[in-house]
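Here's the structure we're looking at; comments come further down.
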Amino acid sequence: MQYKPVKTAVIGSGMISNIYLSNLKNRFSIIDLVGCSDIVSEKSKAQAEKHGIRQMTNEEILNDPEIELVLNLTYASAHYEVSRQILSAGKHCYSEKMMCLTLEEAHELDRIRKEKNVMFTVAPDTFLGAPQQTARLIVEKGLIGEVIQIISNRPRGYFMIKTTEDDAYRKYSVMCEGGGIPYDMGGYDLHTLFNIFGPIESVCGFACTRNETRPYLNPRHEKFNEDFHVTTENTMCASMRFKSGPLLSFTTSSEYAVSSDSMLILQGTEGMLYLPDTNDFSGKIYLQKKEGEKLEFPLCHPFSENCRGIGAADMAWALRTGRKSRLSFEMGYHALEVIKAIVDSSKDGTVKRLSTEFDIPAPISTERYGGTSEERSLFLY
């Protein structure tokens, strides 16, 4: 039986869109990618020509009755307004992370999606990749015993601004409210852990904006050595407790002198599990048992290449088969609430209990297929 592909379009044709467009166009048969748009028409024109799709305006996408699914790949500061328009048009929406800047905005998006009876899911979708799914299998099979504590550290640097276009990226994304590294990168480890352990119960921590006023560093920039202002948190340290039991130490910053590798370690009663960068679909997993060596563990699942956009494909399969999507509004909302709770805890010095929950998504099957048959793993549920 063949399933009718879901006609899909992308709003936001910037830096991250290339891998999305390539995968949606070529990797997933359940997606019929028809067009893309951007507030800067030159960007959408270039991407449309590159990937053999239509250059469209937002209005054309929203008013096209055949388009069912729209990906919101815009700046973090634009996520709310663009997703609001997509949902209000009665279309299913996949949004890059975080879904919006405030919990109030999230409540409104929740209201609209329910009113319109449409699906709304939130990135990242990397937790559907082979390393993250294999890590879940290892924990569920008890290979490291009961997980007691988790260590997560995500360093990253942002400040070598090079061109006027990069300045726009700074202005609308990584330097403004909701665009700092806790919002941009924190979701990767959080979603990987949500997929294994479920929702978080309580949070306490510290967050700050280090060096709020700083100069442009790159001599090639038109505003070299002039000051700009950072209005988002760029350093965060928190302790959390999952409802299922494990404790999490969560740190992230874009302020380190040397950008080191990310770290995600699960510590259990029978061993330790070392995960690769969760902003990727590849990488190696290492397992260390009691008194044993740290050894590479083979990946047991498909999707070990860069499959960004797999979350949208999973949505499309959910639409056609009537099942739940593995990504969900509730999981994306929970990630936003966690980050906001750390900020609020830092301000008043209290432990914050979270109010939202979500269902742990179904795992990806361990059945392995080659080539284009790999997509069958999304059909299985």
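Residue numbers (the working numbering): 181 to 561. Beta carbons: idealized from backbone N, C-alpha and C, even for Gly. Since the structure is predicted, the reported quantities are computational estimates derived from the model, not experimental observations.
- In this structure, Phe483 sits near Gly309, with a CB-CB distance shorter than 8 Å.
- Straight through space, the alpha carbons of Arg421 and Glu381 are spaced by roughly 6 Å.
- Here DSSP, grouped into helix, strand and coil, assigns Ser202 to helix.
- In the structure shown, Leu516 adopts helical secondary structure according to DSSP, grouped into three states.
- Sixteen is the threshold: since fewer than 16 other Cβ atoms of the shown chains lie within 10 Å of the Cβ of Ala542, the residue is exposed.
- When beta bridges are read from the DSSP output, Ser275 appears opposite Asn252 and Val302.
- Pairing Ile540 with Val383, the inter-Cα distance amounts to about 20 Å.
- Sequence-distant Cβ neighbours of Ile191 in its own chain, meaning closer than 8 Å and more than five residues away, are Cys216, Ser217, Asp218, Asn238, Ile241, Val250, Leu251, Asn252, Leu253, Thr254, Val262 and Ile266.
- By the neighbour-count criterion, in which 16 or more other beta carbons inside 10 Å mark a residue as buried, Ile328 falls on the exposed side.
- Following the DSSP letters along the chain, one finds Lys296 inside the alpha helix (DSSP H) bounded by residues Leu283 to Lys296.
- Contact annotation: the segment 300-309 touches the segment 488-496, with at least three C-beta pairs closer than 8 Å.
- By the neighbour-count criterion, in which 16 or more other beta carbons inside 10 Å mark a residue as buried, Gln182 falls on the exposed side.
- Pairing Arg400 with Ile361 gives a Cβ-Cβ distance that is not under 8 Å.
- Under the three-pair Cβ rule at 8 Å, the segment 510-523 counts as touching the segment 272-282.
- Counting along the chain, no alpha helix (DSSP H) covers Asn333; the unbroken beta strand (DSSP E) around it starts and ends at Val327 to Pro335.
- Note on Asp528: under 16 other CB atoms within 10 angstroms of its CB, so exposed under the neighbour-count rule.
- With contact defined as three or more Cβ pairs closer than 8 Å, the segment 464-477 and the segment 500-512 are not in contact.
- Cβ neighbours of Gly472 within its own chain (closer than 8 Å, five residues either side excluded): Gly451.
- In its chain, beyond the 5 residues on either side, no residue has a beta carbon closer than 6 Å to the beta carbon of Ser553.
- Considering only Glu555, Pro304, Ala521 and Glu537, the residue with the shortest C-alpha distance to Ser545 is Glu555.
- Under the rule that a run must span 4 or more residues, the alpha helix (DSSP H) segments found entirely inside the segment 433-503 read 490-501.
- In the assembly as shown, Asp407 is an exposed residue. Its beta-carbon has fewer than 16 other beta-carbons within 10 Å.
- Contact between Asn198 and Gln235 is absent: CB atoms are separated by about 15 Å, not below the 8 Å threshold.
- Around the C-beta of His272, 16 or more other C-beta atoms lie within 10 Å, and the residue is accordingly described as buried.
- In terms of Cβ geometry, Thr389 and Asn414 form a close pair [threshold 8 Å].
- Comparing alpha carbon positions, the residue from Leu453, Phe300 and Val214 closest to Ser275 is Phe300.
- Close CB contacts of Arg316 within its chain, under the 7 Å cut and outside five residues either way in sequence, are with Asn375, Ile376 and Pro543 (chain order).
- Where Glu381 is concerned, the enclosing beta strand (DSSP E) starts and stops at Ile380 to Cys388.
- Counting along the chain, Ala418 sits inside the beta strand (DSSP E) bounded by residues Thr415 to Phe422.
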